[in-house]
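Input: a single structure, listed below in structure tokens.
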Amino acid sequence: MSRISPDVVREHGLSEEEYAKIEALLGRAPNMVELGVFSVMWSEHCSYKSTRAHLKKLPTKGKRVIHGPGENAGVVDIGDGDCVVFKMESHNHPSFIEPYQGAATGVGGILRDVFTMGARPIAMLDSLRFGAPDHPKTRSLVSGVVAGIGGYGNCMGIPTVAGETAFDESYNGNILVNAMCVGLAKKDKIFLSAAKGVGNPIVYVGSKTGRDGIHGATMASAEFNADSEEKRPTVQVGDPFAEKLVLEACLELMESDAIIAIQDMGAAGLTSSSSEMADKGGVGAEIDLDKVPQRETNMTAYDMMLSESQERMLAVLKPGREKEAERIFKKWGLDFSIIGITTDTHRLIVKHRNEVVADMPVGSLSDAAPVYERPFVKPEPAHEMLLTDATRAVVPSLLKVLGSPDMCSKRWIWEQYDHSVMADTVIGPGGDAALVRVHNTNKGLAMTVDANPHYCKADPYEGAKQAVAEAWRNLTAVGAHPLAVTDNLNFGNPEKPEIMGQIVAAVDGIGEACRFLDFPVVSGNCSLYNETQGEGILPTPTIGAVGLVKDVTKTASIPFKRVGDAIFLIGEVRCQLGRSAYLRLVESREAGAMPPVDLSAEKQNGDFVRDLIETGIVDTCHDISDGGVIVALAEMAMASGVGAHIVLPNGMPPIPFLFGEEQARYLIAVPTEKAEKILTDAAVNGIFAMMLGETGGLTLRLDELGEVSLESLKKSHEAWLPSYMAGDS
Amino acid sequence: MKSAVVIFPASNCDRDAAVALEQMTGKKPHLIWHADSDIPDVDLIVLPGGFSYGDYLRCGAMASQSPVMRTVKERAEKGVSVLGICNGFQILTETHLLPGALMRNAGLKFVCRPVGLAVCEAQSRFTRRYSSGQTVVFPVAHGEGNYTADDDTLKALEAEGRIAFRYAEGDNPNGSAHDIAGILNEKRNVLGLMPHPERVCDALIGGTDGRAMFESLIEAIG
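Encoded structure:
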């Protein structure tokens, strides 16, 4: 076995201090297998060593929360013995290196995290960030990532129901692919990863182990440089067919009570699953690598322990139940092998060819992993309230915003995803939140993913708060009661104090919003070192969220439903343009303070709107976000083919009124006979409500400010992405 | 009407088909595993959508060789109704229960969206509750639905009234010849189509245009 030189330690992404700590924990120098195991388990990706101290500050408990962070996914009670299981995870680095497989295996990984817990996945969502459209790699990355997500999710038969896609040059060398999966489980049938009990068989199921993805977790914990493409062999290859079989086989076995603990082999494969299960169960584990189903010959212990081959699961069974489990996995044509046993030694002992090749205390890999209080500089947020009296014409500005890469229709993307399979999709892509019926019931789960990195750049604290508020608002806009959050924190190199400052501020912002809105964080993921040649991405804390709709027949959606409805703006007007889509896309500048997030206004206005939806008074609603009132209005009109006529209040500056992105606001449309009630109810509740106009016609008409046909709006909204992808622009 | 839904490894619309059948007939369909060559005595066999055996070979090619398909073929020849949806249609062409083949979509991409369909042939056990020329909306969700066949076959399909559904004008999502969305066999007891009728049996999730297909079968078969 080769000796461990400082170079080898460095190649494993470990610092000298970390290596010294390993020696102290083992009481000797590690061998290569052990060094490899420590390197992945102590990588940023697996250990959260830079963020752990801060993530502790997030609120994770609530009366509906059954399992928060620490399990494979968060679990929240939705009543009637059902619960929702969900999590979001990034696959940023692999997707840049090999977009199809990177994105596909990102989907595969998050699906396993959810079904590992006993849940049937019912929906997928994706939050994507690409580089500037004119960057030479962007088009092929979009094409590959979208095909990869579709290729995997479509084959699995899980609908991809919502998402977001935006472009910015900061992602030129570091795209973001964040995938979220939502599943349904029975409350009394949740499976955890604690391998309690001694002498129980550890079984390996699923696909065979190959040499793919070795050191994927370490790769994902380093910055990119010019030769990053040489890291392609660290990207795993996905097989959705195998995953579909693993899913069905696991769910079938889970109907019995044979399983004590189960975990997927994701990042750091066999290493992390075996050590984490043993550690959580307070036991040890002994594994015989000769029993591991192998796809290639002459694999070393190092290869097998670090392989990230996909579609594999590790389970601990009750003794005597092996045959029953084997029968199910064989029926599905999958490998099944008893590879070890739980022990009382609290050590992970790995044997290969009758030799002990690794012997480590299980706690040393997780609990003893380093935690860093990295130095940070508090970000200096932009404070200037921008009340520009921009006098540009409204209609051309609107067309420009709607036709921009960030704001244009993403139909080209979501039409490549099966969003109606499983036959429960009530609201699919293009809504504020997607709405998926809980199978065989009248309940629904609303879900959304949101981030605004431009706000976060101006002010990481408020920006992260805003992402939570917007997710909460999107759920509310379809009539859902927001339940809980999963977060995906995408940032640059945490060893730089200013980046660490963004991370700390963003975590604090998420914490404040989630506490105030009683919207606990139940799962999440951090993706750091998103830098290429020293340039970090925009701070991008992405929020995924789920809400409960009690009666799926009482919801609201974006399209106008009738001609002659009164259109109301709910929430205050401040006419601020700071950090707005208008400033960035029309005036090509990013300036001023982002719109402030007033959480109590958010809650008050949201509760008011939700109540109107639940009582059946409102069936048409859209939250106001990027692009302000006018973009929301245009989207409602385009989605329905019904136009609108609106009149600005006297003296209101048109551009700031129409394009300002003040938070906590909604547009609703109701039949005129209900208009009076809206105004009275709003007044009683102290809510700002303003009638803007009414629905009808085939244009968006703003009197002297102009008029534009729905056809022109649609043309501009739908044109950019297909034409860009065809290479025309 | 007694029915069965075949489940291949990585079928993924089997549940949707079973739910629609139960909702429409009031009876749970039998679920038949691909490795079983026994199918109970049923009036309708549904081959559901999905990616049978991963569809890493030509779509439906592996499934066409499975034990269950030998029985499906026998039953079809005896006149039992067989409905192949999406991957099921691909399997029917690979099994030669229906002529032609389904190639990669002309746009080279998977496409999922509601499409307009013209009912071209209302005289069949699958379509009698529609009226000829009626336009309905079903979703499609496939990467390989581009129907092709030699000229003689296309002529025969046209002449014999075996094109049950065509994509509405300007709404062909995959480049299919003659805008073909679904075809019947000569004996008119086998229908294959790419769009998903089982996903449009519920007003809440996209419409009810698919119900008439199941109502037709119930009326024809009893």
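Protein chains in written order, with our numbering: chain A, 2 to 730; chain B, 4 to 225. Quick reminder that beta carbons are idealized off the backbone N, C-alpha and C, glycines included. Please read these numbers as outputs of a predicted model, since none were measured by experiment.
Worksheet item: With a cut-off of 8 Å, does the C-beta of K31 (chain B) fall near any C-beta of chain A?
Response: As a working note, residue 31 (chain B) is residue 28 in the second sequence. Chain A, which has no Cβ nearer than 8 Å to the Cβ of K31 (chain B), makes this no.
- prompt: By DSSP, does M2 (chain A) sit in helix, in strand, or in coil?
  reply: Position 1 of the first sequence, counting from 1, holds the residue named residue 2 (chain A). Reliability of the predicted coordinates at M2 (chain A) is poor, the pLDDT of 45 falling under 50, and the value obtained from them is presented with this limitation in mind. Looking at M2 (chain A) - three-state DSSP - the assignment turns out to be coil, as it is neither helix nor strand.
**Message:** Can you pull the chain E neighbours of E416 (chain A), defined as C-beta to C-beta under 7 Å?
**Reply:** Among the chains of the structure shown, chain E does not appear; the protein chains present are A and B.
Q) Three or more beta-carbon pairs under 8 Å between the segment 699–719 of chain A and the segment 599–609 of chain A, yes or no? A) Judged by Cβ distances under 8 Å, the segment 699–719 of chain A makes no contact with the segment 599–609 of chain A, as fewer than three pairs qualify.
_Against chain A, with Cβ distances strictly below 8 Å, would I94 (chain B) count as a contact?_
Within the second sequence, numbered from 1, the residue matching residue 94 (chain B) stands at position 91. Answer no: the Cβ-Cβ gap between I94 (chain B) and chain A never drops below 8 Å.
Check your understanding: In three-state DSSP terms, what is D291 (chain A)?
Key -> Start at 1 with the first residue of the first sequence, and residue 291 (chain A) comes out as number 290. Helix at D291 (chain A).
Quick check: the Cα distance between A166 (chain A) and L129 (chain A), rounded to an integer number of angstroms?
Taking the first residue of the first sequence as position 1, residue 166 (chain A) is located at position 165. Taking the first residue of the first sequence as position 1, residue 129 (chain A) is located at position 128. Checking the sequence shown, residue 166 (chain A) turns out to be Thr, not Ala. One Cα belongs to T166 (chain A), the other to L129 (chain A), and the distance between them is close to 5 Å.
### Message
Please report the distance separating the alpha-carbon of V120 (chain B) from that of R169 (chain B).
### Response
Here residue 120 (chain B) refers to the residue found at position 117 of the second sequence. Here residue 169 (chain B) refers to the residue found at position 166 of the second sequence. Note that residue 120 (chain B) corresponds to Leu in the displayed sequence, not to Val. Each residue's Cα considered, the two are about 6 Å apart.
Work out the CA separation of V685 (chain A) and G548 (chain A) for me, nearest whole Å. As a position in the first sequence, residue 548 (chain A) is number 547, starting the count at 1. As a position in the first sequence, residue 685 (chain A) is number 684, starting the count at 1. Here the alpha carbon of G548 (chain A) sits roughly 27 Å from the alpha carbon of V685 (chain A).
Report task. Sort A:S365, A:T442 and A:N179 by Cα distance to P542 (chain A) and report the nearest one. Result -> Here residue 542 (chain A) refers to the residue found at position 541 of the first sequence. Scanning A:S365, A:T442 and A:N179 for the CA closest to the CA of P542 (chain A) turns up A:N179.
State the Cα-Cα distance for the pair L15 (chain A) and D127 (chain A), rounded to the nearest angstrom. Within the first sequence, residue 15 (chain A) is the residue found at index 14, counting from 1. Within the first sequence, residue 127 (chain A) is the residue found at index 126, counting from 1. L15 (chain A) and D127 (chain A) have their C-alpha atoms some 32 Å from each other.
- Residues near E712 (chain A) by beta carbon distance below 7 Å, same chain, minus five either side: Taking the first residue of the first sequence as position 1, residue 712 (chain A) is located at position 711. Exclusion of the five residues before and after E712 (chain A) leaves no residue of its chain whose Cβ lies closer than 7 Å to its Cβ.
Item checked: Meets three-Cβ-pair contact criterion under 8 Å: the segment 78–89 of chain A and the segment 183–200 of chain A -> Yes: at least three Cβ pairs fall under 8 Å.
> Alpha carbon to alpha carbon, what distance is there between R53 (chain A) and A25 (chain A)?
Replying inline: Against the first sequence, residue 25 (chain A) aligns to sequence position 24. Against the first sequence, residue 53 (chain A) aligns to sequence position 52. Cα-Cα distance, rounded: 22 Å.
* Can you tell me which of A:I260, A:S275 and A:V396 puts its alpha carbon nearest to the alpha carbon of G267 (chain A)? => To locate residue 267 (chain A), count along the first sequence from 1; it is residue 266. Of the candidates A:I260, A:S275 and A:V396, the one whose C-alpha sits nearest the C-alpha of G267 (chain A) is A:S275.
#### Entry: One or two residues paired with Y150 (chain B) in a DSSP bridge
Within the second sequence, the letter at position 147 stands for residue 150 (chain B). Answer by DSSP bridge pairing, in chain order: B:L105.
According to DSSP, simplified to helix, strand and coil, what is D433 (chain A)? Here residue 433 (chain A) refers to the residue found at position 432 when the first sequence is read from its first residue. The answer is coil: DSSP assigns D433 (chain A) none of H, G, I, E or B.
Notebook entry, point to check: If you draw a straight line from the C-alpha of S44 (chain A) to the C-alpha of G28 (chain A), how long is it?
Noted result: The residue labelled residue 44 (chain A) in the question sits at position 43 within the first sequence. The residue labelled residue 28 (chain A) in the question sits at position 27 within the first sequence. The alpha-carbon atoms of S44 (chain A) and G28 (chain A) are separated by roughly 21 Å.
Open item on the list: Taking only three categories from DSSP, how would you classify G75 (chain A)?
Closed with: In the first sequence, residue 75 (chain A) corresponds to position 74, counting from 1. The three-state secondary structure of G75 (chain A), taken from DSSP, is strand.
M653 (chain A): buried (16+ other C-beta within 10 angstroms of its C-beta) or exposed? In the first sequence, residue 653 (chain A) corresponds to position 652, counting from 1. Around the beta carbon of M653 (chain A), a 10 Å sphere encloses fewer than 16 other beta carbons of the protein chains shown; the residue is thus reported as exposed.
* Asked: Under a Cβ-count criterion, where at least 16 other Cβ atoms within 10 Å of its own Cβ denotes burial, should V564 (chain A) be classed as buried or exposed?
  -> Walking along the first sequence from the start, residue 564 (chain A) turns up at place 563. When all chains shown are included, V564 (chain A) counts as exposed.
C-alpha distance - R78 (chain B) paired with K31 (chain B), whole-angstrom precision: Here the question's residue 78 (chain B) lines up with position 75 in the second sequence. Here the question's residue 31 (chain B) lines up with position 28 in the second sequence. Near 20 Å, if we compare the C-alpha coordinates of K31 (chain B) and R78 (chain B).
Discussion item. Looking at the secondary structure, which residues open and close the alpha helix (DSSP H) in which L24 (chain B) lies?
Written reply: In the second sequence, counting from the first residue as 1, residue 24 (chain B) sits at position 21. For L24 (chain B), the uninterrupted alpha helix (DSSP H) segment begins and ends at D17 to T28.
- Message: Along the chain, where does the beta strand (DSSP E) containing G164 (chain A) start, and where does it finish?
- Response: Counting from one through the first sequence, the residue named residue 164 (chain A) turns up at place 163. T161 to F168 is the extent of the beta strand (DSSP E) around G164 (chain A).
Between the alpha carbons of K332 (chain A) and D39 (chain B), how many angstroms are there, rounded?
Looking up residue 332 (chain A) in the first sequence gives position 331. Looking up residue 39 (chain B) in the second sequence gives position 36. Spanning the two alpha carbons is a distance of roughly 12 Å.
Checklist entry - Nearest to W413 (chain A) by CA position, among A:E636, A:N443, A:S51 and A:A727, is which residue? => result Counting from one through the first sequence, the residue named residue 413 (chain A) turns up at place 412. If we check each option's Cα against that of W413 (chain A), A:A727 comes out closest.
* Asked: So, is V357 (chain A) buried or exposed, given that buried needs 16 or more other C-beta atoms within 10 angstroms?
  -> Here residue 357 (chain A) corresponds to residue number 356 of the first sequence, with the count starting at 1. It counts as exposed.
* At what residues does the beta strand (DSSP E) containing H68 (chain A) begin and finish? -> For the purposes of this step, residue 68 (chain A) is identified with residue 67 of the first sequence, where counting begins at 1. Counting along the chain, the unbroken beta strand (DSSP E) around H68 (chain A) starts and ends at V66 to H68.
### Task
For E90 (chain A), count neighbouring Cβ atoms within 10 angstroms of its own Cβ and tell me buried if that reaches 16, exposed if not.
As a working mapping, residue 90 (chain A) is identified with position 89 in the first sequence. Counting C-beta atoms within 10 angstroms of its own C-beta, E90 (chain A) has 16 or more neighbours from the protein chains shown and is therefore classed as buried.
Do we get a CB-CB distance below 8 Å when we pair M2 (chain A) with the residues of chain B?
-> Here residue 2 (chain A) refers to the residue found at position 1 of the first sequence. Unreliable positioning characterises M2 (chain A) in this predicted model, as indicated by a pLDDT of 45, which lies under 50. A coordinate reading is not provided.
Review point. Taking the C-alpha atoms as reference points, what is the distance between S194 (chain A) and E72 (chain A)?
Key: In the first sequence, counting from the first residue as 1, residue 194 (chain A) sits at position 193. In the first sequence, counting from the first residue as 1, residue 72 (chain A) sits at position 71. So the two alpha carbons sit approximately 7 Å from each other.
For M118 (chain A), does the three-state DSSP call read helix, strand or coil? As a working note, residue 118 (chain A) is residue 117 in the first sequence. In the structure shown, M118 (chain A) sits in coil (DSSP, three-state: anything other than H, G, I, E or B).
| request: With DSSP collapsed to three states, give me the class of M595 (chain A). | output: Here residue 595 (chain A) refers to the residue found at position 594 of the first sequence. Note: M595 (chain A) maps to coil in three-state DSSP.
(message) For S558 (chain A) and G432 (chain A), which I take to be in contact (beta-carbon distance under 8 Å), what is that distance rounded to the nearest angstrom?
(response) Position 557 of the first sequence, counting from 1, holds the residue named residue 558 (chain A). Position 431 of the first sequence, counting from 1, holds the residue named residue 432 (chain A). Correct: roughly 6 Å between the Cβ atoms.
inquiry  = Looking only at its chain, what residues have a beta carbon closer than 6 Å to the beta carbon of L187 (chain B), apart from the 5 residues adjacent to it on each side?
reply    = Taking the first residue of the second sequence as 1, we reach residue 187 (chain B) at position 184. Counting only Cβ-Cβ distances below 6 Å, and skipping sequence neighbours, we find S127, R165, A167 and L194.
Exercise. Under a Cβ-count criterion, where at least 16 other Cβ atoms within 10 Å of its own Cβ denotes burial, should V378 (chain A) be classed as buried or exposed?
Worked result: For the purposes of this step, residue 378 (chain A) is taken as the residue at position 377 of the first sequence. Exposure of V378 (chain A) is indicated by the presence of fewer than 16 other C-beta atoms within 10 angstroms of its C-beta.
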